[in-house]
Amino acid sequence: MQDLLALSAVEARAALDAKDISSVELTSAYIQAAEDTAGLNNYVLLAADKALDMASDADKRIAAGKTGVLEGLPIGVKDMFCTKGVTSTACSKILDGFVPVYESTVTANMWTQGGVMLGKLNCDEFAMGSANETSYAGPVVNPWDAGDGVDLVPGGSSGGSASSVAARSALLSVGTDTGGSIRQPASFCGIVGLKPTYGRCSRWGIVAFASSLDQAGPFSRDVADNALLLSAMASHDAKDSTSAETPLQDVVAAVGEGVKGMKIGIPREYRMDGMDEDVEKLWQQGQAWLKDAGAELVDISLPHTKYALPAYYIIAPAEASSNLARYDGVRYGNRIEAEALDDMYGLTRAEGFGDEVQRRIMIGTYVLSAGYYDAYYLKAQRVRRLIKNDFDDAFTSVDAILTPATPSAAFPVGRKVDDPVINYLNDVFTVPANLAGLPGMSVPAGFNQAGLPLGLQVLAKPFDEAAIYKVAKVIEDSAAISTRPQRMAGGA
Amino acid sequence: MSDLVAGRTGDWEVVIGLEVHAQVSSSAKLFSGAPTKFGAEPNQNVSLVDAAMPGMLPVINSECVYQAVRTGLGLKAEINLFSVFDRKNYFYADLPQGYQISQFKQPIVGEGILRIDLADGSSKDIGIERLHLEQDAGKSMHDQHPSKSYIDLNRTGVALMEIVSRPDIRSATQAAAYVRKLRSILRYLGTCDGNMEEGSMRADVNVSVRRPGDELGTRTETKNLNSLRFIQQAIDYEVARQIEVIEDGGTIDQETRLFDTNTGMTRTMRSKEDAHDYRYFPDPDLLPLEITQSDVDKLAAGLPELPDSIKDRLMNDYGLSAYDAAVITEERETAAFYEAASKGRDRKLVANWMTVELFGALNKAGLDLARSPVSPDALGGLVDMISDGTISGRIAKDVFADMMLSGKQATDIVEEKGLKQLSDSGAIETLIDDVMAANEDKVAEYRGGKDKLFGFFVGQVMKQSGGQANPGMVNQLLRTKLDG
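Chains as they are written, first to last, in the numbering used here: chain G, 1 to 492; chain X, 1001 to 1484.
Here it is in structure tokens:
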């Protein structure tokens, strides 16, 4: 029997259509893999029965010759997505036991295209974190380690989504990215993660963190699989007022079109003090690969980059403080009873929200308060506009931008959790794309000296995901990575 | 007419501004597809969005936007083609999102004008500061259970227009006139049904007092008044209370007050220090609301004629009094009834018959105009018979009473009962001759200078005719014969 877990999504689709394998076989293999790697804590809910039912249905459609682009492929779903009849908690105690009666638009699109839901994946509570250590379900462990047996974080907030795909306990997965929550864990776990253009994938049915920044996106082991999954996720959705009507390009075809003649911007402001030497080296290497493949490198300036992180940590908590007001114990989720309404609110929210979520609610409440609004929120919005203008200017002369994805590789579980500001610095390269609404991808490009994966980030103009796939494929082919994580299902 | 209020230490001027919340007439809520129908069982008109389930998003209902624009046009107001929805953040059990979506800095409608009609027939322009769209909250019921509150989310998310006046109102009477006129315009436009008893219109009143010509005094806001009577009572109470406080050497606290409908008094709800910090910010789930001038022009072209314009026409073209014109134009249906009944007839006479006889009779019968047994045509027909002398005004009243009961046409009643007015001069002269013959002594007295007896002869002749003699002819012929 062939190694089902070794098949890419594109290969699995072909094997399914050729009736070499069945979706039930493939799905069973992934359920087994999820059970074998349970120690990584990727799944908060493994929906084995549902997955096998969906796989069986997919096999019938394959037999009837009626297949969607994801037909029969087992996919993990970040717990931020509401899934009908399946507990959806955003990995927060406050949503303990919450079972939606509705399906998010993105996941519904995937099931319409024949995708099979494996279960719900661990993440930072309400997607607030960069190490998957704030989850009510406990931390996720990265399948990679430095050979010293120390557990490493998978990054966050979509830690389970990245870790499961890297560990081969999901063929594909979906996550959300508010400040880097797809790209940073993709980099830490050595896989491909795309944050599409803001508005590309509907936010309807996804637990909101920061509405103006949140965007769902695909995780995969290679670039071609990523394009396949995005093509199924994206849609215009009348239920989301910020959903874009611009149709998705043929991203599947864009993979492999090459970069000949493309202009790739290299922003000087992304050379930061204290950045790992390995990261800097890899970035240089990436530039060399693209030049060799026929692209023209262009030095560009994004002068307001250094203000992105502070602006993000005002805007995102501000929106979050309001978005999370609905978790009050009145209608659903966890409630701590009290005689008076205000006491019930206080007790429910104090017990239901973890420290990081409470910290951000307080920051957000503060920056929106009378007397502080202008100095913080309004100023941050102005900075956001300047950052967007920087990119608009840059994209008049380049087709894509290449940057490091993260300032370092994965770090040990528990190492930085006591200092929130150090954790926030993980997002320094990824946050600008969220503020500007741009698409961005982390694509695996190499390793640091300890043997931990590192990604490069590719950014493009709004709604030009195709440019990203062209560039990313060249990096993937040039890097030609064959090393696998130590704690992968089935063994490395 | 002075609106000043006399205190112990001199006169006071009252300054009032109103914030009226008017429920938009629309089939669905402002940001969800849930129905808005009044009177449904609790929590039946609730969508996932209204209940603020995780991941639910608001989508603007353009029907509500158009209604707000129509209302703005009706208030002769500036329409803002670009406006923004903000979140007003506060916790309450009947506010599922934990915020109300409203418009704070950039409302859809800017400054306008509302003309109010005063009792003396004059009118006054009250400035409109703004109109914005916002979501209603749900309903908390605290009296259903000894320790629990019950929540009904049917109203949650229903579209409201908050219409804010300038502080141009100077008395409780003017405030009532303002709300009555606003209600009238909203009903003409069909943008709010104006049913105050169902909560479709509620007012918050801002009241302050000052010495005439002084700077504005400190105001209080009394919230959620749902009838004209309560609005006036609350204002009267606040004015008296504030004057007393100040005249006793005290100062007014800027605060929010509640009106007690049982006692007619207001009391402190929360002071300025306890005021919420609503942390307004633009709702990131919604794009700014943009409408085009051509949308506005289309809506403007479709507006009905409004009461001020009809009133002016009734006064200037038809010669109606300000009072009659105001009464007739308060409701669109009344104005339409009048136009139909009076077309091609004596406009003033129809107005008199409508405002006095018809309204009086409907009121007595407990009917509204829509259920009037007398149709516009029928009332017109009656007036025709008066105008052409077929019946006298006095007979007409009897005929009208019959019409109210039977729903018959005036012509049929007059025909059946033989009530036609006697306008044959020969016949009337015969009657006069008979009366004079029977009262020779009175004739002599009259001719001897006792003029007052003229009325006696008129009465006698009318009596002899069974009330049907044409009174004008009787007068004229009688005078000729008596004086001749």
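The beta-carbon is built from N, C-alpha and C at its ideal position, and this holds for glycine as well.
What you are looking at is a predicted structure, and each value in this text was computed from that prediction instead of being measured.
Check	Outcome
Spatial neighbours of residue 1001(X) within its chain, please: C-beta separation below 7 Å, excluding the five flanking residues on both sides.	Only weak support exists for where residue 1001(X) lies, its pLDDT of 48 falling under 50; the coordinates are left without a value.
Alpha carbon to alpha carbon, how far is residue 1229(X) from residue 1100(X)?	29 Å
Just to confirm, are residue 160(G) and residue 122(G) a CB contact at a threshold of 7 Å?	yes
Return the chain-ordered list of same chain residues with a C-beta closer than 6 Å to the C-beta of residue 1(G), the five sequence neighbours on each side being excluded.	Caution applies to residue 1(G), whose pLDDT of 45 falls short of 50 and renders its modelled position unreliable; the model cannot decide the point.
At 7 Å on the CB atoms, spell out the chain X contacts of residue 375(G), in chain order.	Those within 7 Å of residue 375(G) in chain X number zero; the least Cβ separation is about 14 Å.
Who are the near neighbours of residue 485(G) in its chain, counting only those whose CB is closer than 6 Å to its CB and skipping five residues on each side?	143, 144, 166
From the DSSP output, which residues share a beta bridge with residue 1135(X)?	1159(X)
Which two residues bound the contiguous alpha helix (DSSP H) that contains residue 1425(X)?	1425-1438
Quick check on the burial criterion: 16 or more other C-beta atoms within 10 angstroms. Buried or exposed for residue 300(G)?	buried
Residues in the same chain with beta-carbon distance under 7 Å from residue 1323(X), minus the five sequence neighbours each way, listed in chain order, please.	1121
When DSSP labels each residue in this structure, what does residue 411(G) get in the three-state scheme?	coil
With 16 other CB atoms within 10 Å as the buried threshold, where does residue 465(G) fall?	buried
Relative to the C-alpha of residue 1079(X), which candidate in 1071(X), 1153(X), 1086(X) has its C-alpha closest?	1071(X)
Check each candidate in 1160(X), 1293(X), 1209(X), 1201(X) and name the one with the smallest Cα separation from residue 1178(X).	1201(X)
What is the DSSP secondary structure of residue 1022(X), reduced to helix, strand or coil?	strand
Using a beta-carbon distance below 7 Å, is residue 205(G) in contact with chain X?	yes
Using beta-carbon positions only, say whether residue 5(G) and residue 168(G) come within less than 7 Å of one another.	yes
Does residue 422(G) come out as helix, strand or coil in the three-state DSSP assignment?	helix
Flag residue 1(G) as yes if its beta-carbon sits less than 7 Å from any beta-carbon of chain X, otherwise no.	At residue 1(G), the pLDDT of 45 sits below 50, so the modelled position is not reliable; the number obtained from the coordinates is stated separately. False, the Cβ-Cβ gap to chain X never drops below 7 Å.
Got a sec, what are the start and stop residues for the beta strand (DSSP E) residue 462(G) sits in?	First-last for residue 462(G): undefined, no H or E at that position.
Out of 342(G), 425(G), 323(G), state which residue places its alpha-carbon closest to the alpha-carbon of residue 1058(X).	323(G)
Are there three or more Cβ pairs, one per stretch, closer than 8 Å when the segment 380-400 of chain G is compared with the segment 172-183 of chain G?	no
Decide if residue 1082(X) is buried, meaning its Cβ has at least 16 other Cβ atoms within 10 Å, or exposed.	exposed
Look at the alpha carbon of residue 420(G) and the alpha carbon of residue 357(G), and state the distance between them as a whole number of angstroms.	12 Å
What are the start and end residues of the beta strand (DSSP E) that includes residue 216(G)?	215-220
What did DSSP end up calling residue 1001(X) once you bin it into helix, strand or coil?	Caution applies to residue 1001(X), whose pLDDT of 48 falls short of 50 and renders its modelled position unreliable; the value that the coordinates give is listed next. Coil, per DSSP.
In three-state terms, what does DSSP make of residue 481(G)?	coil
Indicate whether residue 115(G) and residue 73(G) have their beta-carbon atoms separated by less than 7 Å.	yes
Return the CA-CA distance between residue 1331(X) and residue 1339(X), expressed in angstroms with no decimal places.	12 Å
Taking residue 88(G) and residue 120(G) to be in contact with their CB atoms under 8 Å, please state how far apart those CB atoms are, rounded to whole angstroms.	7 Å
Excluding sequence positions up to five away, which residues of its chain have a Cβ less than 6 Å from the Cβ of residue 36(G)?	489
Anything in the segment 1079-1113 of chain X with a Cβ closer than 7 Å to a Cβ of chain G? List those residues in chain order, please.	1087, 1089, 1091, 1093, 1096, 1097, 1098, 1099
Indicate, with yes or no, if the ligand PLP has a heavy atom lying under 6 Å from the CB of residue 58(G).	The ligand PLP is absent from the structure shown, which contains no ligands of any kind.
Do residue 378(G) and residue 1279(X) come within 7 Å of each other at the CB atom, strictly closer than that value?	no
Taking only three categories from DSSP, how would you classify residue 121(G)?	strand
Determine the direct distance from the alpha carbon of residue 1382(X) to that of residue 1356(X), and round the result to whole angstroms.	14 Å
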